[in-house]
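Numbering (this note's numbering), first residue to last: 397 to 647.
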Amino acid sequence: MGVGMTTDEQPSVLLVDDTPGEAANFAAAFDRLTHVRTMEQLDAAVAGNRPFDIAFVDFNLGSADYTGLTALARLRRRRPGCRVVSYSQLAESGRTLYACAARHWFAADALLDKVHNHAETLRRYADQLAGGANPTPIGWQRRLEHAGLIDDIVAEPYWVQIWRALHESAGEMQAAARLLGRDAAQLRGFKDRAMAAVVEFNRVIHDIEPPLVQRNKKGVLSTFAARHWQFLGAPDLTTAMAADVRVRSPR
């Protein structure tokens with residue numbers, strides 16, 4: 397039970413995560429816990445009148461069709477009053493992009509790294525969110541002030557296909573252009589803009605200063621694509637980018 401909470405004030409918590417054992421620490425922290433592992437289960441959970449105070453949403457939901465991006469979009473539309481925490485292991489591929497997308501596109505209220513999902517931490521998150529505070533670690537709060545950089549990484553819907561082709565071609569722009577059925581010169585605008593976006597994202601989010609050899613756009617872009625492949629290759633990324641899908645709740 398959270399500090400200062402009575403039994404009647406226990407929050408109703410929703411966990412969206414495909415891992416069966418992931419709920420153990422949540423069950424130790426909260427009496428009122430609903431764990432859903434698929435989008436169908438999420439739809440069923442939010443279709444009724446059951447209230448949810450806080451939702452913890454993982455990125456990888458073990459599906460070839462959707463990720464936590466789709467879950468965030470549905471939650472924000474169907475339960476706009478629910479506090480949302482982007483919940484993932486930040487060291488894994490693409491998770492920092494997910495954190496930025498969750499914040500900037502879907503107004504996530506907080507971020508929690510899975511490696512710190514101890515029961516006492518989960519209760520603290522619930523208490524602070526209920527009190528209107530942000531329990532996200534200060535370092536990540538500062539990084540997420542720049543969450544809008546996600547819009548520079550995927551500035552246009554067609555960029556998703558370019559990132560994927562770039563990944564498949566190991567950064568060879570000529571090969572990526574062939575995969576896309578385009579001339580390499582048509583990708584020059586992407587290469588220049590994406591390079592600037594990647595350098596800034598690495599500097600602000602990952603504390604990586606631009607390398608002295610940053611003129612090597614092929615190496616920088618291919619490394620970034622590989623490092624963040626799970627996000628850039630997400631099946632629902634293009635859908636999540638659509639303006640009519642993003643839901644920014646008021647602050």
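Even for Gly, the Cβ is constructed at its ideal location relative to N, Cα and C.
Q: Report yes if the C-beta of GLN537 is less than 6 Å from at least one heavy atom of the ligand GDP; otherwise report no.
A: The ligand GDP is absent from the structure shown, which contains no ligand whatsoever.
Q: Name the one or two DSSP bridge partners that SER482 has.
A: DSSP, once it has assigned bridges, lists VAL453, LEU507 as partnering SER482.
Q | beta strand (DSSP E) segment containing ARG428, residue limits | A | 428-432 is the span of the beta strand (DSSP E), which, as asked, contains ARG428.
**Q.** Segment limits, beta strand (DSSP E) that includes TYR583
**A.** The sequence given here has Leu at residue 583, not Tyr. Here LEU583 belongs to no beta strand (DSSP E), and DSSP marks it neither H nor E.
Q. Are there 16 or more other CB atoms within 10 angstroms of the CB of ASN445, so buried, or fewer, so exposed?
A. The C-beta of ASN445 has fewer than 16 other C-beta atoms within 10 Å across all chains shown, which makes the residue exposed.
Q. Where do the N-terminal and C-terminal ends of the alpha helix (DSSP H) with LEU471 fall, by residue?
A. LEU471 -> alpha helix (DSSP H) spans 464-474.
Q: Could you check what DSSP says for SER618 in three-state terms: helix, strand or coil?
A: DSSP places SER618 in helix when its eight states are reduced to three.
Q: Output the boundary residues of the alpha helix (DSSP H) element that contains VAL556.
A: According to the DSSP assignment, VAL556 belongs to the alpha helix (DSSP H) that extends over 553-564.
Q: Please report the Cβ distance between ILE601 and HIS542, rounded to the nearest whole angstrom; I am assuming they are in contact, meaning their Cβ atoms lie under 8 Å.
A: Beta-carbon to beta-carbon, ILE601 and HIS542 are separated by about 7 Å, close enough to satisfy the 8 Å threshold.
(Q) Less than 6 Å between C-beta atoms, sequence neighbours within five positions excluded: which residues of the same chain meet that for ILE558? (A) Cβ within range, chain order: PHE586.
Q. Going by C-alpha distance, which of PRO407, LEU465, LEU410 is nearest LEU628?
A. The shortest Cα separation from LEU628 among PRO407, LEU465, LEU410 belongs to LEU465.
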